[in-house]
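Q: Line by line, the protein sequences are chains C and B.
According to the working numbering, the first sequence is numbered sequentially starting from 354.
According to the working numbering, the second sequence is numbered sequentially starting from 908.
Just so you know, even glycine gets a beta-carbon here, dropped at the ideal spot from N, CA and C.
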Amino acid sequence: VILEGFEIENWSCIRKASVPDLPPSGLIVLHGPNRTGKSSIVQALRACLMDYASTTTALKSWYPRGTGEKPVVCVTFRTGGRSYRIKKCFGSNKSELASQTATGDWRIETQSAADAHERTCGLVGGSDSAKGLHQLLWLTQAEFHLPEAKKFDAGVQAQLRGILGVLQTPLDDRFIEHVKERWSVWYSGQRKTGKQQQIKAGCKLAENLQRLTADQQVLHDSESKFREMEGLLRHAEDLEQALRDLNRQVEERTGELASRQEEHQRSQSRIVARQQAEKDHAVAEKERVSALDEQQQRAAASNRCQADEHALEPAREKMEATAQRVNELEITRTKQRATLLAQRDKRRYLQQRANQVAARLGALGDAEKLSAAQEDLNRTQAIADEVDGLRSFLADNPAPDAKQLDELKENRQKVARLQADCDAASMHLTIAPVANAVAARLALDNRPPKELPDSAAPAIHTVRRKADLFIVGFGRVEVTRGTDQADVDQIEEELRCCNEEFSNAVAAFGITGNDPNALDQLIHRAAEHRLKHADFASKMKELKKLAPAGLEPLEAKVRQLKTKAEDVSGVETAGVEPLPDVRNDLDQLAATLQQQLGEADDGIKGLESEGDAIEEKLRVARLEEMAAKEALAAGMATAKSSREELDRLRPVEQIAQRISDANRALEDAQVRLERTTLTNDELTIDERLKAAEQAVAALQSQIADSTRKFDVIRGRLLESEGLHARRSSLAARVDELTRLTERESLEKDAVDRLYTLFEECREKQLGTLLGPIHDRVLGWMRVLDIGDYQQVRFNDAFLPEKLMNRDGTAEFTVAEESTGAQEQIGMLVRLALGSTLASTAEPAVAILDDPLTHCDIGRLSKMRSILRSAAEGNPNLTPPAGPLQIVVLTCHPEWFRDERATVIDLESPEVMIRLPV
Amino acid sequence: MIRFLHAADLHLGMRITRFEEGACQRICEARFTALQQLREKAAEIQVDFIVIAGDVFDDHSVSRTDATRAFAILEGSKDSCPVFLISGNHDPLVPGGVWERDPWLRDQPHLRVHFLKHAEPVDVPGLSATIFPCPLRQRRAMDDPTAWIERHPRTSDDRTIRIGLAHGSLKIMPLPEDDHLIHPDAAERLGLDYLALGHWHKQSSHRSSDGIQRTAYSGTHEPMRFAGVSAEVATGWSSFSSDGDAERFCDDGRGTALLVTIDAAGVPPRIEPLEIGRLRWQAEHREMTVQPLGELISDYSRRENPERTLLRLTLSGVVEPREYARLEELKQIVLNRYHAGSSLDAEAVLIEPSANQLDEVVGGGVLKRVLEKLKEEAQSTDAASQRVAGQALKLLYQIAWEEQPK
């Protein structure tokens, strides 16, 4: 349906509005400032075309106030190829529906209010302007949100399905609900696209998987034990085999041992005889060897004895020669020592003389030092006495410093000033009351007040300090004498304090405060102190220089030098040869003595070297003598020892007899040995017997060891009783759980796959069906430059649900966009869906009250061209986009005005007359 | 004349895992029941004795309960005939093994149970018959367990019936060398009238070089596997042989023993097979494209002794969604009427609606696209994706079918 025109009378603020001959498509702009009545026009159109019959009483709020008039709305519209005119006089039963004939005349269809309303609703597509296509295209003021999917008119959706195709059948709905129900057995929450969801804890599959894991672990342990038992079994087999072998070997070895023992028994007598022969032979051989050794020892001892005695004579001769040499060297050494002693005595004398000369020279120097020190001491003592005098004076005659003196001077000046203030003359107070003046009293200088005489003659009073005048009916007048800062009492108090302060100050310097010359005396004394202080400082500086550590060091030095001089004079008297008194003679004598001392030292040194050489020779000679003596003693001892050794040995004859006896015994033993020669078997029987015994013992040990191991295995295998059943039971449980979980996992995966595929296919189908809408909306969004989206995902209700970004990695809801963008996207979707439902034969009207209020100027310009494009429609699209009649009511005509728009000014009196407010 | 029962490979306390735990227990229990039936059979036909040729137990570490129960059944009552048995490779005579534990540890001989642990001739009391037992001491060995009998040849005047009792593989084909190989002509060479063997689970008898059947395997007394299906896959049981789950360890799904009659020494024995097992194990595969589901349901619901049949039914083929929905009916029959552990595997069944049904089942909306996509994925080369897609397809049909307006 489209509007061709309308007339409104007495509707809200509208006295009369008349908008005829609206174009069938394109942009129509009805503009006027706020409170013009734009929204009232929309309400009037809604009421007339769909919402109310003329008889309604629900519209009273829209009746004009105070006029008593009732609204009349007449709308001409076109639908189904014919034009109709509906006129409703609200508040009455006057309604009229007329249709236009081919000749242009109007033919009345009905004048019944109910019929007219009903038929009009049928023609425009509904009895509610908030439903049907109007829900999309008839926007109330500033509305921009799209309807919610659940509230979107089902009839419109059905129309869209009729045009775009079937999206999801009821079977599909039931199917996916069934699948979701099954899916929720294993999963919780919502299925998320592209994500592998975890099965929920507590579901049967999760519990079975958990039990399976636990049972598998137990089975694994059980199988490990079984394998261990199988290993033991194999080990037992090996051990059993080994035991059989060992027992066989023991049997064999035991037989061998018995045969060895028998052989050993047989060989025993011959072995004993042989052993005795061997023993006797060994003894004889030993005796023979011993006798021969003794014979050799005796011969050797005899030879050594002779040689030792011959070696004694040369040793004795050498000892005598070395003793003579020692004697000669001792005589030479005695002589040399005497010469050295004489030379040393001479040097000692020279040294003594030199020391005396040096002492005399030192005494001369000390006497000079003593004189100088005494002089320094005397001078310092005098200065010290002067300093003490000055210090006593200064202490006895204290004087104020400059600051104290200034303070005293200031005190005296202040006293003078205060005294002057006090001494100033008294004041005269003249009181001259008028006739019949009220009585007054006067108190002078804190005395009791007195009544003033009431005579008219002036009375003069002398005021020293203060006058208080009490006047009846007036109050008190106080007159006080003083300076600006204080009265007389305060000045006198201050004066007393100053005097007391001065007396205290001068008393410290031994002067009384009453003395009128006290300050002069102190000034004089301070001047004298300044002079004395300069002198005192000078003397102190000099004293410090002469005796930095006081007088004591100077006095000590003088005492020391005196003592030294006395000592030197004592030494001098002890000398034998007198010394010269003159320093030069003394110096010459000292040099001579020094030269003589050097010569004596050289002589002593030469003699000492010579003595050392003689001593060395003597030491060597003595060593040689000692060695010769020792050699002689050793030779004598050796000769004695040889003789004794020879004496200890048996005589030659006895030794020869012993050798002969031994030879006979040896021959006898040899014969017996030859008789008892043992065979190889007899020789090795012991070893072989021992080896056989060891072999049997080793085998028995191995058998014991194997038996022990075998018993251990037996014990372990006995413990394994029932293991097979347990393994079997566990394996059965694991198998069953595996089967169960595999089966349920397959079921779960299949359901999940069904769910996934259903969602994917649904999305795909949605994309296919909504392709034309999607492409138009997205194209317009790009014109408006809203985001950088690759795709707009529509839901089942043909409304946008998600916006996908360019690379498809993220999706957003429309609500995440700005308010302006939401308004614009909503408008684009309305236009796209409205165009789909409109056709060239049956265009649709869109009434936009105050739209795009959140749109910026840049986008408004683009939006204008989009509105124009949508209004024109496009028959080439699939499905074709029908034309729209877009009626915009706005207070911003500049936003929508262009050369092709129909612009109507609601302020024009030809268009609309408002009721006076 | 003597008559005896020859059994072997009882595998009591068998390790069986590929069923739910309760079913495993019941299947293990069936082995004891079958042993009891063997005892009853012996009493019924009044044989002189029973020989068991090894592998009485599935392992030397079976539980005391199993060991005690086996002993009690074999010991039987005072009228029962004696039982002669030897150890096999599953329960070898090892230190601490089942044979060294109570009640088998008790001094031999027992009243009726004679565990022959030494390789030496044993005369059967009251009969002119000697048993030559060949007990095993290892899981695997390269020795011929019957070789020792050579030391006891038949003398010319010996008229005693000689019966060999051994556990091992007759070397009549290529076999692992450590599988206790027995000379193929051992019975004749060793002068035996009959060589009772154990180890191979399927019943078989073998001719000696003189053309007489003197050697036989009795087969296991109770089945351990589905015929034609790997034992490892079917039950979780495995042999200790080097070649593992070889054909010789497969039974044919029913428990057997042999009734042997020997008239006199040197006379060929008469060998008669007996079925004594408690359960029958049947693995069956049905192609649903060929056989409608209705027929299958009818077939499996009318079979005899389903409670004594352990059925493993595998279905394949292509069915319509409506038909697939009825599979549950067949599944309930298999699970409820047949022995515990029976199963129906329909993973290989594909659902393919007819062109007419397609729109009806999935409609023209999103589901149709999902179906197309899943069909593509079901052709994937990735096995995991293929499996998931296959299952998802079935679910899709199932849910879509359930959601059809009734």
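Per DSSP, which one or two residues make a beta bridge with M1216(C)?
A: As a working note, residue 1216(C) is residue 863 in the first sequence. M1216(C) pairs with nothing; no bridge assigned.
Q: Contact between the stretch 899 to 915 of chain C and the stretch 723 to 741 of chain C: three or more CB pairs below 8 Å?
A: With the cut-off at 8 Å, the stretch 899 to 915 of chain C and the stretch 723 to 741 of chain C touch.
Q: Just to confirm my understanding: we take V1001(B), look at its own chain, exclude 5 residues before and 5 after, and list those with CB closer than 6 Å. What are they?
A: What you label residue 1001(B) is simply residue 94 of the second sequence in a count that begins at 1. The residues are H967.
Q: In whole angstroms, give me the CA-to-CA distance for R1114(B) and Q1120(B).
A: As a working mapping, residue 1114(B) is identified with position 207 in the second sequence. As a working mapping, residue 1120(B) is identified with position 213 in the second sequence. Rounded to whole angstroms, R1114(B) to Q1120(B) spans 4 Å at the Cα level.
Q: Do the stretch 961 to 977 of chain B and the stretch 988 to 1005 of chain B make contact, defined as three or more Cβ pairs closer than 8 Å?
A: In short, these stretches touch, since the Cβ pair count reaches three.
Q: So that I know if they touch, is there some Cβ in chain B lying closer than 8 Å to that of V532(C)?
A: Indexing the first sequence from 1 puts residue 532(C) at position 179. Yes - at least one Cβ of chain B is within 8 Å of the one on V532(C).
Q: Bridge partners for N1227(C) per DSSP, in chain order?
A: Looking up residue 1227(C) in the first sequence gives position 874. For N1227(C), which the question treats as bridged, DSSP gives the partners A1234(C).
Q: Just to confirm my understanding: we take W536(C), look at its own chain, exclude 5 residues before and 5 after, and list those with CB closer than 8 Å. What are they?
A: Taking the first sequence and counting its residues from 1, one reaches residue 536(C) at position 183. So the qualifying residues of the chain are R544, V1104, D1105, Y1108.
Q: Have a look at V1226(B), F1156(B), Y1231(B), K1238(B) and flag the residue whose alpha-carbon is nearest the alpha-carbon of L1220(B).
A: Residue 1220(B) sits at position 313 when you count from the first residue of the second sequence. Ranking V1226(B), F1156(B), Y1231(B), K1238(B) by Cα distance to L1220(B) puts K1238(B) first.
Q: Using a Cβ cut-off of 8 Å, pull out every chain B residue sitting near I1066(C), in sequence order please.
A: In the first sequence, the residue the question calls residue 1066(C) occupies position 713. Residues of chain B passing the Cβ test: P1002, G1003.
Q: Are the C-beta atoms of Q1053(C) and some chain B residue less than 8 Å apart?
A: Start at 1 with the first residue of the first sequence, and residue 1053(C) comes out as number 700. Answer no: the Cβ-Cβ gap between Q1053(C) and chain B never drops below 8 Å.
Q: Threshold first: 4 residues or longer. Then list the alpha helix (DSSP H) segments lying entirely within the stretch 1011 to 1075 of chain B, N to C.
A: Those alpha helix (DSSP H) runs which fall completely within the stretch 1011 to 1075 of chain B and span 4+ residues do not exist here.
Q: Below 8 Å on the Cβ atoms is my contact criterion, and I expect I993(B) with L1072(B) to pass it. Report the Cβ-Cβ distance as a whole number of Å.
A: If you number the second sequence from 1, residue 993(B) lands on position 86. If you number the second sequence from 1, residue 1072(B) lands on position 165. Confirmed, about 6 Å.
Q: In whole angstroms, what separates the C-alpha of E1252(C) from that of A406(C)?
A: Translated into positions along the first sequence, residue 1252(C) becomes position 899. Translated into positions along the first sequence, residue 406(C) becomes position 53. Near 39 Å, if we compare the C-alpha coordinates of A406(C) and E1252(C).
Q: Could you give the DSSP three-state label for T926(C): helix, strand or coil?
A: As a position in the first sequence, residue 926(C) is number 573, starting the count at 1. For T926(C), the predicted structure reports a pLDDT of 49, less than 50, and the residue's modelled location is therefore unreliable. The matter cannot be settled from this model.
Q: Starting from Q550(C) and walking both ways along the alpha helix (DSSP H), at which residues does that stretch end?
A: For the purposes of this step, residue 550(C) is taken as residue 197 along the first sequence, with counting starting at 1. Looking at the DSSP string, Q550(C) is not in any alpha helix (DSSP H), and its letter there is neither H nor E.
Q: Provide the residue(s) that pair with N1158(C) in DSSP beta bridges, ordered along the chain.
A: In the first sequence, residue 1158(C) corresponds to position 805, counting from 1. Answer is Y1142(C), bridged to N1158(C).
Q: Can you list, in chain order, the stretches of the alpha helix (DSSP H) that have 4 or more residues and sit fully within the stretch 1236 to 1277 of chain B?
A: For the stretch 1236 to 1277 of chain B, whole alpha helix (DSSP H) runs of length 4 or above, ordered along the chain, are 1262 to 1269.
Q: Less than 8 Å between the CB atoms is what I'm expecting for L1099(B) and I1070(B), so what's the real figure, rounded?
A: Numbered from its first residue, the second sequence carries residue 1099(B) at position 192. Numbered from its first residue, the second sequence carries residue 1070(B) at position 163. Indeed, because the Cβ distance is near 7 Å, the residues count as touching under 8 Å.
Q: Could you please give the first and the last residue of the uninterrupted alpha helix (DSSP H) stretch that includes G956(C)?
A: Within the first sequence, residue 956(C) is the residue found at index 603, counting from 1. Here the alpha helix (DSSP H) through G956(C) covers 936 to 1001.
Q: Identify whether V787(C) lies in helix, strand or coil by the three-state DSSP scheme.
A: Mapped onto the first sequence, residue 787(C) falls at position 434. V787(C): coil per DSSP, three-state reduction.
Q: In the DSSP assignment, the alpha helix (DSSP H) including Y1304(B) goes from what residue to what residue?
A: Translated into positions along the second sequence, residue 1304(B) becomes position 397. Here the alpha helix (DSSP H) through Y1304(B) covers 1290 to 1309.
Q: Ends of the beta strand (DSSP E) at T833(C)?
A: Counting from 1 along the first sequence, the entry for residue 833(C) is found at position 480. Start and end: 828 to 833.
Q: Note down, in chain order, all residues in the stretch 1058 to 1085 of chain C with a beta-carbon under 9 Å from any beta-carbon belonging to chain B.
A: Residues passing the 9 Å Cβ filter: F1063, D1064, I1066, R1067, G1068, R1069, L1070, L1071, E1072, S1073, E1074, G1075, L1076, H1077, A1078, R1079, R1080, S1081, S1082, L1083, A1084, A1085.
Q: Short of 9 Å Cβ to Cβ, which residues in the stretch 919 to 944 of chain B face chain C?
A: Those would be G920, M921, R922, I923, T924, R925, F926, E927, E928, A930, C931, Q932, C935, in chain order.
Q: Short of 8 Å in beta carbon distance, which residues of its chain neighbour A792(C), apart from the five on each side in sequence? Order them along the chain.
A: Indexing the first sequence from 1 puts residue 792(C) at position 439. The residues are E804, L805, D807, V825.
Q: Measuring alpha carbon to alpha carbon, tell me which of R438(C), G479(C), R435(C), R418(C) ends up nearest D404(C).
A: Along the first sequence, read from residue 1 onward, the residue named residue 404(C) stands at position 51. The candidate whose alpha carbon is nearest that of D404(C) is G479(C).
Q: Across which residues does DSSP place I361(C) in a beta bridge pair?
A: Position 8 of the first sequence holds residue 361(C). For I361(C), which the question treats as bridged, DSSP gives the partners A370(C), V426(C).
Q: Put I923(B) into one of helix, strand or coil per three-state DSSP.
A: Translated into the one-based positions of the second sequence, residue 923(B) becomes position 16. In this structure, I923(B) counts as coil in the three-state DSSP scheme.
Q: Counting only Cβ pairs nearer than 7 Å, list the residues of chain B close to T522(C).
A: The residue you call residue 522(C) lines up with position 169 of the first sequence. Neighbours of T522(C) on chain B, chain order: G1270, G1271, G1272.
Q: Just how far apart, CA to CA, sit A927(C) and L971(C)?
A: One-based indexing of the first sequence puts residue 927(C) at position 574. One-based indexing of the first sequence puts residue 971(C) at position 618. Confidence is the limiting factor: at A927(C) the pLDDT is only 48, short of 50, which leaves the residue's position unreliable and the question unanswerable from this model.
Q: If I follow the unbroken alpha helix (DSSP H) through K1088(C), where does it start and stop?
A: Here residue 1088(C) refers to the residue found at position 735 when the first sequence is read from its first residue. Note that residue 1088(C) is Asp in the sequence shown, not Lys. D1088(C) -> alpha helix (DSSP H) spans 1076 to 1122.
Q: What's the call for M672(C), buried or exposed, on a 16-neighbour Cβ count within 10 Å?
A: To locate residue 672(C), count along the first sequence from 1; it is residue 319. The residue is buried, with at least 16 neighbouring Cβ atoms inside 10 Å.
Q: Which same chain residues, not among the five before or five after L743(C), have their C-beta less than 8 Å away from its C-beta?
A: The residue you call residue 743(C) lines up with position 390 of the first sequence. Answer for L743(C): K885, D888, F889, K892, listed in chain order.
Q: Going straight from the alpha carbon of A1018(C) to that of S1054(C), what length do you get?
A: By 1-based counting over the first sequence, the position of residue 1018(C) is 665. By 1-based counting over the first sequence, the position of residue 1054(C) is 701. So the alpha carbons of these two residues sit roughly 51 Å apart.
Q: So the candidates are F1133(B), S987(B), H1106(B), I1068(B); which of them puts its Cα closest to the Cα of A1094(B)?
A: Within the second sequence, numbered from 1, the residue matching residue 1094(B) stands at position 187. Residue I1068(B) is the option with its Cα nearest to A1094(B).
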